[in-house]
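**Student:** This is the structure I have questions about; it appears just below.
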Amino acid sequence: MANRKIRPLRRDELPVNTVKLARYLIGKTLVRDLPAGRLSGRIVETEAYLPGDAACHAFRGQTPRNRALFLEHGHAYVYFIYGSSFMMNVSGEEPGVGAGVLLRAVEPIEGIELMRRHRRTVRLLDLTRGPGRLASAFRIDKRVDGVDLCAPGALWLGSAVRKRGAIGESIRIGITRDAHLVLRFYERGNIFVSGPKRLQI
DNA sequence: TATGCGATATTCT
DNA sequence: GAATATCGCATAG
């Protein structure tokens, strides 16, 4: 545990292409530095939301809510939905183009006890499996909407702590528009991946 | 394991 | 009013 070195990712390492970014982020690290300590997790599941994609929040143009999706690639877009959940995306294209990668699940690395307190559950498997749970465990809310994930701060993207396994793909979860597109990516066999078993082959 | 439902806030029609 | 990139709990198989 102590020998893990997490290096911040530079923006020029991130693909300027939302699908490529969604694949690239599998196995990388999400880091949250809080006064109470560091939280980190291995990204194991993502979904891409593209320009011209009816399921993308940017589809109908820019609004105050989705503003961050239009920032240069590598910025956080955080929104609240279903009256209960925050979700986090990483903007994926050049400035002015609205698209992003939804982070759907991570494998906890550091700060597991702090995550348990945020989530009010002790089950390791339930801490960060699913986009709403992940945001809750990492205390991600509107305050980090628009944050540059390639800059030093309280929320950033880091290098992989270990080699990643093969990437699986499927249709996206929980949407109705453009629902047939194969834009969900995950690390095969990882138990922290969310969603039904039939989508995890 | 799968399916169903209510809760709940914000945005869109 | 309706829809929503979900969760947690309930119930049935």
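For the first sequence, position 73 matches number 79 in our numbering, and the numbering has no gaps at all. Ideal placement from N, C-alpha and C gives every residue a C-beta, glycine not left out. These numbers were taken from a predicted model, which means no experiment stands behind them.
Does DSSP put Val-37 in a helix, in a strand, or in coil?
**Tutor:** Taking the first sequence and counting its residues from 1, one reaches residue 37 at position 31. In the structure shown, Val-37 sits in a strand (DSSP, three-state: E or B).
**Student:** Since Pro-137 is in the alpha helix (DSSP H), which residue starts that stretch and which ends it?
**Tutor:** Stepping through the first sequence from its first residue, residue 137 is reached at position 131. Start and end: 137-143.
**Student:** Thinking C-beta only, is Leu-27 closer than 8 Å to Val-153?
**Tutor:** Locating residue 153 in the first sequence gives position 147, counting from the first residue. Locating residue 27 in the first sequence gives position 21, counting from the first residue. Their beta carbons are not under 8 Å apart, which means Val-153 does not touch Leu-27 by this criterion.
**Student:** Exposed or buried, which one is Ser-90 when buried takes at least 16 other CB atoms within 10 Å?
**Tutor:** What you label residue 90 is simply residue 84 of the first sequence in a count that begins at 1. Counting Cβ neighbours within 10 Å, Ser-90 comes out exposed, since fewer than 16 surround it.
**Student:** Between Val-188 and the rest of its own chain, which residues show a CB-CB distance below 8 Å, the 5 nearest in sequence each way excluded?
**Tutor:** Indexing the first sequence from 1 puts residue 188 at position 182. If we look at Val-188 and ignore the five residues flanking it on each side, its Cβ neighbours are Glu-175, Ser-176, Ile-177.
**Student:** Output the distance between the C-alpha atoms of Leu-101 and Ile-179, rounded to the nearest integer angstrom.
**Tutor:** As a first step, residue 101 is located in the first sequence; it is residue number 95 there, counting from the start. As a first step, residue 179 is located in the first sequence; it is residue number 173 there, counting from the start. The sequence shown places Pro at residue 101, not Leu. Cα-Cα distance, rounded: 27 Å.
**Student:** If you run the structure through DSSP and keep just helix, strand and coil, what is Ile-87?
**Tutor:** Position 81 of the first sequence, counting from 1, holds the residue named residue 87. Reduced to three states, the DSSP call for Ile-87 is strand.
**Student:** Quick one: what's got a C-beta closer than 6 Å to Tyr-30's C-beta in the same chain, skipping five residues either side?
**Tutor:** For the purposes of this step, residue 30 is taken as the residue at position 24 of the first sequence. Around Tyr-30: Pro-21.
**Student:** Assign Asn-9 to one of two classes, buried (16 or more other C-beta atoms within 10 Å of its C-beta) or exposed (fewer than that).
**Tutor:** On the first sequence, residue 9 is found 3 positions in, with the first residue counted as 1. Residue placement at Asn-9 is poorly supported in this model, since its pLDDT is 47, which falls under 50; the coordinates are not used for a value here.
**Student:** Are the CB atoms of Ser-200 and Arg-135 within a distance shorter than 8 Å?
**Tutor:** Taking the first sequence and counting its residues from 1, the one referred to as residue 135 is at position 129. Taking the first sequence and counting its residues from 1, the one referred to as residue 200 is at position 194. Contact: yes.
**Student:** Select from Asp-59, Arg-16, Glu-19, Ile-173 the residue whose C-alpha is nearest the C-alpha of Ala-185.
**Tutor:** Residue 185 sits at position 179 when you count from the first residue of the first sequence. With distances taken between Cα atoms, Ala-185 lies closest to Asp-59.
**Student:** So, helix, strand or coil for Val-25, using DSSP?
**Tutor:** Numbered from its first residue, the first sequence carries residue 25 at position 19. Looking at Val-25 - three-state DSSP - the assignment turns out to be helix.
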